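The next block holds one structure in the form of structure tokens; read it before the comments.
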Amino acid sequence: MSKTLVAYFSASGTTAKVAKKMAEAIGADLFEIKPETPYTGADLNWQNKNSRSSVEMNDRSSRPAIAVKAADMPQYDVVFVGFPVWWYREPSIIDTFMESYDFAGKTVIPFATSGGSGLGDSAANMQKLAKGAKVVNGKRFSGSVSSEELKAWAGQWA
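As numbered in our numbering, residues 35 to 192 make up the sequence shown, in order.
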């Protein structure tokens, strides 16, 4: 039986809601990827090209600091990584997360929340950052996804 983690970053609470529901549905541990400096509403204003999120997303080398590391990452075989879709891909803090651990031999499954945008190149980006891991194509969910749908989808790996 593999040990499973659902790690997530949530800016508005939608991804947190889905991640918590998924972890409960599949019996996984849960870890919130919290930025060292929390995002404010102004930071998240994607229409302002000088906002923190815009600046980070326009610089592919940006790696926002994470407040706390996940405990005992080596124990997990399967890691679901959740995030809101920003600029048609994973937020830069997810890149920080992917570079912070050794994912070799693990299966990594991205999942996202979005009003309509897909995951874009997120899986390919995450694969480049997780040497030796198997990063599979993920899925986008609405904030109102059911526990049953999450269990059916995530259960194929968990």
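Backbone N, C-alpha and C fix where the C-beta goes; we use that ideal spot for every residue, glycine too. It should be emphasised that the depicted structure is a prediction, and the values quoted were computed from it without experimental measurement.
- The beta-carbon separation of D93 and S85, rounded to 13 Å, does not stay under the 8 Å limit for a contact.
- Residue burial annotation: Y110 is buried, with at least 16 other C-beta atoms found within 10 angstroms of its C-beta.
- Each of S148, A57, V142 was checked against the Cα of P118, and the nearest Cα belongs to S148.
- When N171, G139, L153 are compared, the shortest CA-CA separation from P108 is found for G139.
- Distance from the CA atom of G47 to the CA atom of G166, rounded to whole angstroms, is 31 Å.
- For W80, the number of other beta carbons within 10 angstroms of its own is below 16, and it is reported as exposed.
- As summarised for the stretch 97-160, the continuous alpha helix (DSSP H) elements at least 4 residues long and confined to that stretch are 126-133, given in chain order.
- Rounded to whole angstroms, the Cβ separation of T38 and V112 is 4 Å, and the two are in contact under 8 Å.
- In the DSSP assignment, R174 falls within the unbroken beta strand (DSSP E) covering 173-175.
- Of the candidates L184, G75, G116, P125, the residue whose Cα lies closest to the Cα of R97 is P125.
- In the DSSP assignment, E90 is bridged to no other residue.
- Residue environment for K162: exposed (fewer than 16 other C-beta atoms within 10 angstroms of its C-beta).
- The beta carbons of I100 and P69 sit closer together than 8 Å.
- Going by DSSP, E66 is part of no alpha helix (DSSP H) but of the beta strand (DSSP E) stretching over 63-66.
- A distance of 8 Å or more separates the beta carbons of Y122 and G150.
- A straight-line Cα-Cα distance of about 15 Å links V115 and E58.
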